[in-house]
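Just so you know, the sequences run in chain order G and C.
Note that the working numbering has the first sequence beginning at 1, numbered continuously upward.
Note that the working numbering has the second sequence beginning at 1001, numbered continuously upward.
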Amino acid sequence: GQSLEQPSEVTAVEGAIVQINCTYQTSGFYGLSWYQQHDGGAPTFLSYNALDGLEETGRFSSFLSRSDSYGYLLLQELQMKDSASYFCAVQGSNYQLIWGAGTKLIIKP
Amino acid sequence: NAGVTQTPKFQVLKTGQSMTLQCAQDMNHNSMYWYRQDPGMGLRLIYYSASEGTTDKGEVPNGYNVSRLNKREFSLRLESAAPSQTSVYFCASSEVPAYGYTFGSGTRLTVV
C-alpha cells in the first residue's frame, strides 16, 4: 500500500528551530511537497523536493533523501504565526498527491 | 487576482438532498482537484481533472460526480447527500499535475 507517516504533534518555543519528519512508502515517486494549514484555513504550498538535498526558502527549509524514503521540513526562528498544521505529500506514479495526516505545530512563548 | 474561488462557504443539507459545489480559478491552470478533509485528517482526493475535457476518480469518489465545465471551472455534485459526506471540501488547481497546488478557501458541508 501507499502511506506517509509524520508525527501528529510537535511543540517548540518561539525563536527556536523545529524539524517535522515525513517517511513515505509509495509505488513510484516524483517529489515531496510540504503544505501549511492554519486552523480554519486552506492549505498553502510551502516547498517541493524532487531531488535529494536541502531546499531553502527564507526561514523554511525542506530536505529529501530518496534512498531513505524520508524528508523533513525545518522551520527556523519560530514565530507565533507559524502555529499551524503541516502536511507532507508525495507525488506518485499517477497524477495524484498522497497526503500525510498532518503535524500540528504548537509554539509556546 | 482571486486565485481559486469556491462557493458556497457553508452549507447544511438534509439527507437525500443534492447540491453542487462550484469552483473557479483565474490562473490559467490546467489541472484541478476536489478534496475532502475530515477532522484531524489529511486530504483525500475525490476527483481530479488533469486537463480540460478529462476527469478521473480519486481515492474516495463514491457518492460524487464532477464536471470540468471549461478550463476555469470544475464543479462537484452530491446527488443524494449522506451524513458520511459531512466534511470540509477543498478545490485546488495547479499548472502541472501534483505540484504547487493553490487551494480555495473551502466549503464546510454538514449533512443532517
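Heads up, the beta-carbon is just placed ideally off N, CA and C, and yes, glycines get one too.
None of these values were measured; they are calculated from a predicted model.
CB contact check: C/ALA1098 to chain G, cutoff 7 Å: The count along the second sequence starts at 1 and reaches residue 1098 of chain C at position 98. With 7 Å as the cut-off, C/ALA1098 counts as an interface residue toward chain G.
Simplified DSSP assignment, three categories, for C/LYS1071: Here residue 1071 of chain C corresponds to residue number 71 of the second sequence, with the count starting at 1. Reduced to three states, the DSSP call for C/LYS1071 is coil.
Exposed unless 16 or more other CB atoms sit within 10 angstroms - verdict on C/ARG1036: On the second sequence, residue 1036 of chain C is found 36 positions in, with the first residue counted as 1. It is buried - the Cβ of C/ARG1036 has at least 16 other Cβ atoms within 10 Å.
Against chain C: residues of the stretch 84-107 of chain G by CB proximity under 7 Å: Under the 7 Å Cβ criterion, the stretch 84-107 of chain G contributes PHE87, GLN91, TYR95, GLN96, LEU97, TRP99, GLY100, ALA101 and GLY102.
3-residue-minimum beta strand (DSSP E) runs that sit fully inside the stretch 1007-1041 of chain C, ordered along the chain: The qualifying runs are 1010-1013, 1019-1025 and 1031-1037.
C/MET1027: contacting residues in chain G (beta-carbon distance under 9 Å): For the purposes of this step, residue 1027 of chain C is taken as residue 27 along the second sequence, with counting starting at 1. None at all; the shortest Cβ gap to chain G is about 13 Å.
Residues of the stretch 41-59 of chain G whose Cβ lies closer than 8 Å to any Cβ of chain C, in chain order: Residues of the stretch 41-59 of chain G with a C-beta atom less than 8 Å from some C-beta of chain C are GLY41, ALA42, PRO43, THR44, PHE45 and TYR48, listed in chain order.
Proximity to C/TYR956 [Cα-Cα], best of C/THR1086, C/GLU1073, C/GLN1011 and C/ASN1065: The first residue shown for chain C is 1001 and the last is 1112, placing residue 956 of chain C beyond what the model contains.
Pair within 7 Å by beta-carbon distance, C/GLY1042 and G/PHE60: The residue labelled residue 1042 of chain C in the question sits at position 42 within the second sequence. The residue labelled residue 60 of chain G in the question sits at position 60 within the first sequence. Inclusion of C/GLY1042 and G/PHE60 in the CB contact set at 7 Å is not warranted, their separation being larger than that value.
Residue burial classification, C/ALA1082 (beta-carbon count within 10 angstroms, cutoff 16): Taking the first residue of the second sequence as position 1, residue 1082 of chain C is located at position 82. The residue is exposed, with fewer than 16 neighbouring Cβ atoms inside 10 Å.
Start and end residues, beta strand (DSSP E) containing G/ASN49: For the purposes of this step, residue 49 of chain G is identified with residue 49 of the first sequence, where counting begins at 1. Counting along the chain, the beta strand (DSSP E) containing G/ASN49 begins and ends at 44-49.
Straight-line Cα distance separating C/VAL1111 from C/VAL1012: Residue 1012 of chain C sits at position 12 when you count from the first residue of the second sequence. Residue 1111 of chain C sits at position 111 when you count from the first residue of the second sequence. If you take the alpha carbons of C/VAL1012 and C/VAL1111, they lie about 6 Å apart.
DSSP-derived helix/strand/coil call for G/SER69: Taking the first residue of the first sequence as 1, we reach residue 69 of chain G at position 69. DSSP, read as helix, strand or coil, puts G/SER69 in coil.
C/PHE1125 - containing beta strand (DSSP E), residue span: With chain C covering 1001 to 1112 only, the question about residue 1125 of chain C has no answer from this structure.
Selection of the stretch 1031-1053 of chain C by Cβ proximity to chain G, strictly under 9 Å: Within the stretch 1031-1053 of chain C, the residues whose Cβ lies closer than 9 Å to some Cβ of chain G are SER1031, TYR1033, TYR1035, GLN1037, GLY1040, MET1041, GLY1042, LEU1043, ARG1044, LEU1045, TYR1048 and ALA1050, listed in chain order.
For G/ASP82, the three-state DSSP class (helix, strand or coil): Position 82 of the first sequence holds residue 82 of chain G. In the three-state scheme derived from DSSP, where H, G and I count as helix and E and B as strand, G/ASP82 is classed as helix.
Beta-bridge partners of C/ARG1044, as assigned by DSSP: Looking up residue 1044 of chain C in the second sequence gives position 44. Note: C/ARG1044 sits in a beta bridge opposite C/ARG1036.
Neighbourhood of G/PRO7 by C-beta distance below 6 Å, restricted to the same chain and skipping five residues each side: Within the first sequence, numbered from 1, the residue matching residue 7 of chain G stands at position 7. So the qualifying residues of the chain are THR103.
Three or more C-beta pairs below 8 Å linking the stretch 12-24 of chain G and the stretch 66-86 of chain G: Judged by Cβ distances under 8 Å, the stretch 12-24 of chain G makes contact with the stretch 66-86 of chain G, as three or more pairs qualify.
N-terminal and C-terminal residue of the beta strand (DSSP E) that C/THR1107 is part of: The residue you call residue 1107 of chain C lines up with position 107 of the second sequence. For C/THR1107, the enclosing beta strand (DSSP E) begins and ends at 1107-1111.
C/PHE1010: CB within 6 Å of a non-hydrogen atom of the ligand HEM: Absence of the ligand HEM is noted for the structure shown, with no ligands found whatsoever.
C-beta atoms of G/GLN96 and C/LEU1045 nearer than 7 Å: Sequence index remark: in the first sequence, residue 96 of chain G carries index 96 (1-based). Sequence index remark: in the second sequence, residue 1045 of chain C carries index 45 (1-based). Yes; because the gap between Cβ atoms is below 7 Å, this pair is in contact.
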